[in-house]
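Enquirer: My questions all concern the structure below.
Numbering (the working numbering), first residue to last: 7 to 230.
Okay, structure coming up:
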């Protein structure tokens with residue numbers, strides 16, 4: 007089967023993250039991700055369509071032709087979501103998150119000492135776990151529990167791979183991610199508070215000017 011070896015290698019990598027110590031370039035990382043994602047993508051598209059057709063919000067009890075058509079719409083939406091998420095959203099988020107963590111943890115906080123590619127490959131293997139089991143998103147009974155379990159497992163994979171890549175203890179890598187995450191969240195909250203503060207100040211000034219203008223007598227207001 008096409009890309010079978012890449013898929014098996016990806017499964018082995020998330021089961022035994024300690025084998026991921028080889029340095030990769032940016033192009034090699036993205037190539038590994040997309041090749042390993044082909045089989046999980048096909049599985050997610052098929053299961054997503056079936057789940058959307060049978061249990062989605064557009065499907066009824068499939069007694070009428072309109073219900074069958076609605077089921078196809080629900081299945082098609084699930085399949086489209088799987089394609090966009092695996093081929094666009096997840097790899098794009100990998101690139102962005104790896105860049106953010108590299109800037110803060112490596113350059114600013116000096117927690118790690120490695121390259122951007124080493125951070126990216128660690129995030130890539132951690133998120134391959136989500137890609138492999140992406141089809142679980144479409145199964146309501148297990149989706150929430152699976153998301154929690156895969157997130158914890160993914161963090162462990164990222165920590166181990168990053169430790170191998172940067173020749174450091176995995177717990178140090180995990181601690182670096184936690185500290186960096188806290189710093190990023192704190193900065194984001196401060197920026198949001200500043201934006202809300204400026205918006206409130208601007209609205210208060212604007213309201214004050216409007217009230218002062220309305221409080222003038224008609225002739226004075228007309229004369230400016």
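We put the CB at the ideal spot given by N, CA and C, even for glycine.
Treat the numbers as computed from the prediction; the structure is a model and nothing was measured.
Check the C-beta distance from residue 94 over to residue 131 and give it rounded, since I have them as a contact under 8 Å.
Expert: At roughly 19 Å, the Cβ-Cβ gap does not stay under 8 Å, so residue 94 and residue 131 are not in contact.
Enquirer: Just to confirm, are residue 78 and residue 59 a CB contact at a threshold of 8 Å?
Expert: The beta carbons of residue 78 and residue 59 sit closer together than 8 Å.
Enquirer: Counting beta carbon pairs with one atom in the stretch 98-117 and one in the stretch 177-193, are three or more of them shorter than 8 Å?
Expert: yes
Enquirer: Given a cut-off of 8 Å on the beta-carbon distance, is the pair residue 128 and residue 185 in contact?
Expert: no
Enquirer: Identify whether residue 190 lies in helix, strand or coil by the three-state DSSP scheme.
Expert: Of the three classes helix, strand and coil, the one that applies to residue 190 here is helix, per DSSP.
Enquirer: Ends of the alpha helix (DSSP H) at residue 41?
Expert: 32-61
Enquirer: Can you give me the Cβ contacts of residue 226 inside the same chain, cut-off strictly under 6 Å, excluding the 5 residues immediately before and after it?
Expert: Note that residue 226 scores 48 on pLDDT, short of 50, meaning its location in the model is unreliable and no value can be drawn from it.
Enquirer: Can you give me the start and stop residues for the alpha helix (DSSP H) that residue 111 sits inside?
Expert: Looking at the DSSP string, residue 111 is not in any alpha helix (DSSP H), and its letter there is neither H nor E.
Enquirer: Specify the secondary structure class of residue 13 as computed by DSSP and reduced to three states.
Expert: helix
Enquirer: Tell me whether residue 121 sits in a helix, a strand or coil according to DSSP, three-state version.
Expert: coil
Enquirer: Suppose the cutoff is 6 Å on Cβ atoms and the five residues either side in sequence are ignored; what does the same chain contact list for residue 51 look like?
Expert: Cβ within range, chain order: 85 and 88.
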